[in-house]
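Last residue of the sequence shown: 264 (full-length UniProt numbering), numbering continuous. Remarks on the structure that follows.
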Amino acid sequence: MQSVFLEDIDADTYAAYVAQAHATVIIPAGATEQHGPHMPLGVDAMLSRAIAAGVARKLGALVAPTLSYGYKSQPRSGGGNHRIGTTSLSGATLSGQVEDIARSFIGQAFTKVVILNGHFENYQFIYEGLEIAVGHAREAGLDARAMLLSYWDFVDEETLDKVFPDGFLGWDIEHGGVLETSLMLLLHPEKVDMSRAVDHPPAQLKPYDVFPEDPARTPASGCLSSPIGASAERGQLLLDAVTNGVARAIEAEYSLPVEALGAR
1 MQSVFLEDID ADTYAAYVAQ AHATVIIPAG ATEQHGPHMP LGVDAMLSRA
51 IAAGVARKLG ALVAPTLSYG YKSQPRSGGG NHRIGTTSLS GATLSGQVED
101 IARSFIGQAF TKVVILNGHF ENYQFIYEGL EIAVGHAREA GLDARAMLLS
151 YWDFVDEETL DKVFPDGFLG WDIEHGGVLE TSLMLLLHPE KVDMSRAVDH
201 PPAQLKPYDV FPEDPARTPA SGCLSSPIGA SAERGQLLLD AVTNGVARAI
251 EAEYSLPVEA LGAR
């Protein structure tokens, strides 16, 4: 089966794909950010790329190279930008990068552009870049459309109950916790060392931020909740939920023809 990754195919094959009515490009967006002592810095980028690939196989889409630097980690959702290993972009830089990339794909005749976000803090800045890119393209008379999704928004209640049998405490403190660790144990088990996972209560975060950031406000592990309880089995539940949910959303918004599904 031909690869779904854009960088793996030649220019002629790529041009033939773009010429098809259902041509869809999915751009994974992540970050380079600490995820505690048990996981690598590239978790957000690795997960968004893997999930995008699963979705692309269902839809007959292509996956673009991953945006691997994201907006600044926030203490209340990622541990904080001050933490070693977290290497970030400003909001303006991220928005500008997204705008340029989206405009380039639209200029190559992609009318269906998707960004699949895997880093909590990215969302509004990606939104800004996509809105500008699509606006300029439509002003120029191009039939441009884009979608922006964060994969965790497609985890349904039934899956949450299975993955978090003791109760789900919210996405904002899932940084380095059960969700990301379970997906990594499924997709990249060789990159996870559970012997180094730190078990501690969920972070008790105040509903405001302070400047400069105070490291004492978040757990020393860099995780906002414990990864203990993560497993590849739970990762499979999560992966199935998000790939199916994201694929259905893209199919519905873009009215993809039935023959496009599973074409690649």
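No residue lacks a Cβ here, since even glycine has one placed at the ideal position from N, Cα and C.
Tyr254 and Gly135 have their alpha carbons spaced roughly 18 angstroms apart.
Contact annotation: Leu238 and Ser182 have beta-carbon atoms nearer than 8 angstroms. The stretch 155-163 makes no contact with the stretch 15-33; the number of CB pairs closer than 8 angstroms stays below 3.
Judged by DSSP in its simplified three-state form, Ala53 adopts helix. Fewer than three pairs of CB atoms, one per stretch, sit closer than 8 angstroms, so the stretch 193-208 makes no contact with the stretch 236-250. When DSSP reads this structure, Phe5 sits in a beta bridge with Val63. Burial check for Ser90: the Cβ neighbour count within 10 Å stays below 16, so the residue is exposed. Gly54 and Asp214 have their alpha carbons spaced roughly 39 angstroms apart.
Of the other Cβ atoms in all chains shown, fewer than 16 fall within 10 Å of the Cβ of Pro189; this residue is therefore exposed. A residue is called buried when at least 16 other Cβ atoms come within 10 angstroms of its Cβ; Phe120 meets this threshold and is buried.
With contacts defined as CB atoms closer than 8 angstroms, Ile27 and Ile132 fail to qualify as a contacting pair. Within the same chain, Cβ atoms closer than 6 angstroms to the Cβ of Ala109 are found at Val18, the five residues on either side in sequence being excluded. For Lys206, there is no enclosing beta strand (DSSP E), as DSSP marks it with neither H nor E. For Thr86, the closest C-alpha among the options Gly96, Tyr123, His35 is that of His35. In this chain, the alpha helix (DSSP H) harbouring Lys162 covers 157-163.
Going by beta carbons, Gly70 and Gly30 fall inside the 8 angstroms limit.
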